[in-house]
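Data block below; observations after.
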């Protein structure tokens, strides 16, 4: 299994971002019938690339013009190859309401309105580079592709899937007598649970770093998940110290879980696992007013859903939950 420090070598020291230049802010652009190639000009100067950014023109006014002129489209798509490598496709054309749902636009890209380019991070020079040549781009990307396809990375992925399928299964709670109301739980069960989690902490950190550097989760989501693992470790250590100090007999049944003093470390560990780790949920940045998925939600969202849940219906539900969380000043909410 590839370790955390090795993966960190592939994470760009400067995060990449796209600065959008909204042409709808200028009257002359709003009055244009169509955009030209000149309007699509991108700023990819060396100064910007060294700061980890490029500037792309966009048009954020979906007003529909009569006489079948429709709305004006100037947008882009980004494909993240991981480790600071991106394929960016700029689009120019028209936009109109989607006949299946007028809330969403339907794009019609002009045949000559597509421009594809590439951004790649040079670890040696510690800067981003601009490419129009796909061949040159993939020559620089080759070590990243080799990392992605390596046995060590595949082993890390498989180790996490094994962990996920076991940890989030009913059998796990039976094995460790762990749940909301467990009459037969012993202090030894808690110690076994803590030991199991301790053995997997390095794997969990490395796996989510892998997701981050290959673009499956953004930097903020990765930061929240990493912080949640650190908090989990703290609760584990407190609970372990508490048990070894007060309950030398591991076969003794837990009877202080709800005790406000003696059982507090165990109760905190139990609640943290149940609420933040063992169910779908989102961390809330109250300043940004945004929600970021927890570890289980990241994994769950990559799988087939057992119930109907389209991207739009999930986004609507998530917006409702986030709004309530912000109103109540909550920094976390379960996704139910």
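Residue numbers (this note's numbering): 105 to 440.
Idealized CB from N, CA, C, for every residue including glycine.
Less than 9 Å separating the beta-carbons of residue i and residue j?
{"i": "residue 379", "j": "residue 436", "result": "yes"}
{"i": "residue 235", "j": "residue 222", "result": "yes"}
{"i": "residue 187", "j": "residue 232", "result": "no"}
{"i": "residue 398", "j": "residue 332", "result": "yes"}
{"i": "residue 198", "j": "residue 177", "result": "yes"}
{"i": "residue 209", "j": "residue 200", "result": "yes"}
{"i": "residue 302", "j": "residue 340", "result": "yes"}
{"i": "residue 376", "j": "residue 336", "result": "yes"}
{"i": "residue 245", "j": "residue 189", "result": "yes"}
{"i": "residue 342", "j": "residue 383", "result": "no"}
{"i": "residue 282", "j": "residue 374", "result": "yes"}
{"i": "residue 439", "j": "residue 421", "result": "yes"}
{"i": "residue 211", "j": "residue 179", "result": "yes"}
{"i": "residue 142", "j": "residue 216", "result": "no"}
{"i": "residue 419", "j": "residue 428", "result": "no"}
Kindly indicate which residue of the options has the alpha-carbon position closest to the one of residue i.
{"i": "residue 290", "options": "261, 353, 215", "result": "353"}
{"i": "residue 426", "options": "410, 214, 308, 396", "result": "396"}
{"i": "residue 105", "options": "399, 277, 384, 259", "result": "259"}
{"i": "residue 416", "options": "407, 155, 205", "result": "205"}
{"i": "residue 169", "options": "151, 136, 418, 310", "result": "136"}
{"i": "residue 150", "options": "355, 158, 216", "result": "158"}
{"i": "residue 381", "options": "349, 230, 308, 254", "result": "308"}
{"i": "residue 402", "options": "277, 227, 264", "result": "264"}
{"i": "residue 121", "options": "140, 240, 355, 155", "result": "155"}
{"i": "residue 273", "options": "144, 400, 428, 138", "result": "400"}
{"i": "residue 300", "options": "268, 324, 153", "result": "268"}
{"i": "residue 348", "options": "203, 433, 292", "result": "292"}
{"i": "residue 230", "options": "338, 253, 153, 334", "result": "153"}
{"i": "residue 355", "options": "296, 334, 338", "result": "296"}
Which whole-angstrom value describes the C-beta separation of residue i and residue j, a residue pair presumed to lie in contact below a C-beta threshold of 8 Å?
{"i": "residue 326", "j": "residue 313", "result": "7 Å"}
{"i": "residue 124", "j": "residue 160", "result": "6 Å"}
{"i": "residue 108", "j": "residue 306", "result": "6 Å"}
{"i": "residue 298", "j": "residue 344", "result": "5 Å"}
{"i": "residue 266", "j": "residue 357", "result": "Rounded, the Cβ-Cβ distance is 30 Å, inconsistent with contact."}
Using a Cβ-Cβ cut-off of 8 Å (strictly less than) and excluding sequence neighbours within five positions of residue i, which residues of its own chain qualify?
{"i": "residue 430", "result": "388, 390, 393"}
{"i": "residue 181", "result": "192, 193, 195"}
{"i": "residue 175", "result": "165, 166, 167, 168, 169, 198, 199, 200, 209"}
{"i": "residue 111", "result": "310, 313, 314, 317"}
{"i": "residue 248", "result": "114, 185, 186, 187, 189"}
{"i": "residue 423", "result": "none"}
{"i": "residue 228", "result": "none"}
Who are the Cβ neighbours of residue i in its own chain at under 6 Å, not counting the five residues just before and after it?
{"i": "residue 183", "result": "191"}
{"i": "residue 409", "result": "none"}
{"i": "residue 330", "result": "none"}
{"i": "residue 324", "result": "396"}
{"i": "residue 413", "result": "none"}
{"i": "residue 407", "result": "none"}
Once the 5 residues before and after residue i are set aside, which same chain residues still bring their CB inside 7 Å of it?
{"i": "residue 346", "result": "369, 370"}
{"i": "residue 322", "result": "none"}
{"i": "residue 256", "result": "105, 106"}
{"i": "residue 214", "result": "196, 197"}
{"i": "residue 251", "result": "114, 257"}
{"i": "residue 134", "result": "128, 165"}
{"i": "residue 241", "result": "222, 224, 235"}
{"i": "residue 202", "result": "208, 209, 210"}
Under 9 Å, Cβ to Cβ, is there at least one residue of chain C near residue i?
{"i": "residue 392", "result": "No chain C appears in this structure, which consists of one protein chain only."}
Q. So does the segment 305 to 320 actually touch the segment 112 to 119, counting three or more Cβ pairs closer than 8 Å?
A. Contact between the segment 305 to 320 and the segment 112 to 119 is present: three or more C-beta pairs spanning the two stretches fall below 8 Å.
Q) Below 8 Å, can you find three or more Cβ-Cβ pairs linking the segment 118 to 129 to the segment 158 to 176? A) Contact between the segment 118 to 129 and the segment 158 to 176 is present, with at least three C-beta pairs closer than 8 Å.
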